[in-house]
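Trainee:
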């Protein structure tokens with residue numbers, strides 16, 4: 010990992026501008042700063058009273074460009090879940106969630122990096138249908154934000170949004186070495202709430218389609234499965250199910266209960282309702298595509314990689330990160346070009 014900016018805890022000196030890639034996803038938010046990477050769950054919990062145990066990712070907005078947030082406090086990521094497992098907010102709960110909670114999560118991710126008194130970020134972010142919603146996301150993130158992070162030291166975060174690009178575009182930049190620059194490529198981005206299918210000639214986007222549904226629908230199916238309800242005596246906890254899938258143990262927290270059989274039972278209908286429509290949309294493009302890649306959390310699901318491989322589609326092992334890394338690379342290039 011690369012050191013970001015070395016400053017003593019009480020320093021008020023400004024750091025140089027840093028190129029940043031920010032990927033606010035329905036499932037998790039990823040940030041890449043000069044090779045240093047942080048990922049948090051896309052959860053936000055507004056705080057209306059003082060809490061006894063402050064979690065990493067807690068933000069108090071003191072002053073700045075977002076006057077609507079002055080005086081507000083919130084927790085982000087796993088801390089939001091631990092503080093209130095039943096009432097935290099998810100980006101996917103609101104159609105405009107990435108715009109509404111984008112800054113909340115950006116500051117929450119910053120709280121996970123080593124402390125410094127000043128951050129000057131030259132940032133590229135992404136959003137679905139950037140042409141329609143890019144300016145709104147840019148406005149929600151931009152400006153100077155004075156905050157207290159993790160109930161400790163004061164921090165000033167200055168955000169210069171260089172660009173908001175189409176969701177998944179960073180992944181294309183990051184995985185460009187995988188592309189046949191003279192031929193056609195198809196990229197599947199299996200996210201938490203949507204599947205994005207992109208068609209390229211070389212590295213130029215020539216077509217894009219979206220389908221509803223993603224990893225969250227599989228998690229919800231497991232959470233509401235009758236065997237889950239029998240054991241839990243209620244609907245299962247989506248966060249514990251997600252963790253069990255990601256670490257491939259299928260253990261439900263520390264309870265000793267394992268949901269591997271339920272995962273197996275729900276995977277086939279998920280493939281039929283979520284994966285198959287995305288593959289069908291791409292069918293006209295696949296015959297002429299020399300490169301077929303899959304990214305996103307859905308591409309990392311147990312057994313999905315081999316299923317896609319059987320269809321000639323390669324799942325990138327770091328699929329969670331490729332979009333954020335690509336955005337960071339684009340930010341570095343754009344910042345260098347404007348200097």
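Residue numbers (the numbering used here): 10 to 348.
In this text, a Cβ means the ideal position worked out from N, Cα and C, and glycines have one as well.
Bear in mind the structure is a predicted one, so any value in this text is a computation, not a measurement.
#1: Give me, in chain order, the residues of the same chain whose beta-carbon lies closer than 8 Å to that of residue 164; leave out the 5 immediate sequence neighbours on both sides.
#2: If I'm right that residue 83 touches residue 68 with Cβ under 8 Å, what's the distance once you round it to whole angstroms?
#3: Closest to residue 174 by C-alpha separation, out of 134, 180, 279, would be which residue?
#4: Flag this pair as yes or no: are the beta carbons of residue 211 and residue 242 separated by less than 9 Å?
#5: Could you name the residues of the same chain whose beta carbon sits closer than 7 Å to that of residue 143, not counting the 5 residues immediately before and after it, in chain order?
#6: Report the option in 52, 250, 271, 205 whose CA atom is closest to the CA atom of residue 264.
#7: Evaluate the contact criterion for the stretch 41 to 61 versus the stretch 253 to 268: three or more CB pairs, one atom per stretch, below 8 Å.
#8: Taking the straight line between their C-alpha atoms, what separation do you get for residue 219 and residue 318?
#9: Distance, Cα to Cα, residue 115 vs residue 338?
#10: Which same chain residues end up closer than 7 Å to residue 215 when comparing Cβ atoms and leaving out the 5 residues on each side of it in sequence?
#11: Taking contact to mean at least 3 C-beta pairs separated by less than 8 Å, is the stretch 72 to 91 in contact with the stretch 25 to 36?
#12: Per the contact definition of three or more C-beta pairs closer than 8 Å, is the stretch 192 to 209 in contact with the stretch 270 to 280?
#13: CB-CB under 8 Å to residue 169, same chain, minus the five flanking residues each way: which ones, in chain order?
#14: Could you check whether residue 28 and residue 2 sit closer than 9 Å to each other, using their CB atoms as the reference points?
#15: What is the DSSP secondary structure of residue 157, reduced to helix, strand or coil?
#16: On the DSSP bridge assignment, give the partners of residue 129 in chain order.
#17: Using C-beta distances below 7 Å, list every residue in its chain close to residue 65, excluding the 5 sequence neighbours before and after it, in chain order.
#18: Let me see if you follow: with CB-CB separation under 9 Å, is residue 31 close to chain C or not?
#19: Between the alpha carbons of residue 287 and residue 293, how many angstroms are there, rounded?
#20: Residue 97 bridges to which residues according to DSSP?
#21: Buried or exposed: residue 285, going by 16 or more other Cβ atoms within 10 Å of its Cβ?
#22: Using a threshold of 8 Å, is the CB atom of residue 141 nearer than that to any non-hydrogen atom of the ligand ATP?
#23: Beta-carbon within less than 7 Å of residue 275's beta-carbon, same chain only, minus the 5 sequence neighbours each way: which residues are those?
#24: What residue from 63, 147, 140 has the CA that sits closest to residue 117's CA?
#25: Which value, in whole angstroms, describes the spacing of the CA atoms of residue 96 and residue 60?
#26: For the beta strand (DSSP E) that contains residue 353, what are its first and last residues?
#27: Buried or exposed: where does residue 308 fall if 16 or more other Cβ atoms within 10 Å of its Cβ makes it buried?
#28: Let's see if you can read the secondary structure: which residues bound the beta strand (DSSP E) around residue 54?
#29: Kindly indicate which three-state DSSP category residue 334 falls into: helix, strand or coil?
#30: Which of helix, strand or coil does DSSP assign to residue 266?
#31: For residue 28, does the three-state DSSP call read helix, strand or coil?
#32: Cβ atoms of residue 201 and residue 335: under 9 Å apart, would you say?
#33: How many angstroms separate the CA atom of residue 24 from the CA atom of residue 166?
#34: Whole-angstrom Cβ separation of residue 333 and residue 41, contact assumed at under 8 Å?
#35: State buried or exposed for residue 141, treating a residue as buried only when at least 16 other CB atoms are found within 10 Å of its CB.
Mentor: Once the coordinates are examined:
#1: These residues qualify, in order along the chain: 119, 124, 125, 126, 127, 128, 155, 156, 157, 158.
#2: 6 Å
#3: 134
#4: no
#5: 136, 173
#6: Sorting 52, 250, 271, 205 by C-alpha distance to the C-alpha of residue 264 places 250 at the top.
#7: Contact between the stretch 41 to 61 and the stretch 253 to 268 is absent, because fewer than three Cβ pairs lie under 8 Å.
#8: 21 Å
#9: 18 Å
#10: 208, 209
#11: A contact between stretches requires three or more CB pairs, one per stretch, nearer than 8 Å, and the stretch 72 to 91 fails this requirement with the stretch 25 to 36.
#12: The way I'd put it, the stretch 270 to 280 doesn't touch the stretch 192 to 209; fewer than three beta-carbon pairs between them come closer than 8 Å.
#13: 26, 129, 130, 131, 132, 151
#14: What the structure shows of the chain is the stretch from 10 to 348, and residue 2 is not part of that stretch, so it cannot be assessed.
#15: strand
#16: 167
#17: Closer than 7 Å at the Cβ level, and outside the excluded window around residue 65, lie 88, 120, 121, 159.
#18: Given the protein chain composition of this structure (a single chain), no chain C is represented.
#19: 12 Å
#20: By DSSP's assignment, residue 97 forms no beta bridge with any residue.
#21: exposed
#22: The ligand ATP is absent from the structure shown, which contains no ligands of any kind.
#23: 227, 230, 231, 234
#24: 63
#25: Each residue's Cα considered, the two are about 15 Å apart.
#26: Absent from the model: residue 353. The displayed extent of the chain is 10 to 348, so no value can be given.
#27: buried
#28: That run of the beta strand (DSSP E) goes 52 to 56.
#29: helix
#30: coil
#31: Residue 28 falls in the strand class under three-state DSSP.
#32: No, the Cβ-Cβ distance between residue 335 and residue 201 is not below 9 Å.
#33: 10 Å
#34: 5 Å
#35: Under a 10 Å Cβ-count criterion, residue 141 is classified as exposed, with fewer than 16 other Cβ atoms of the shown protein chains found around its own Cβ.
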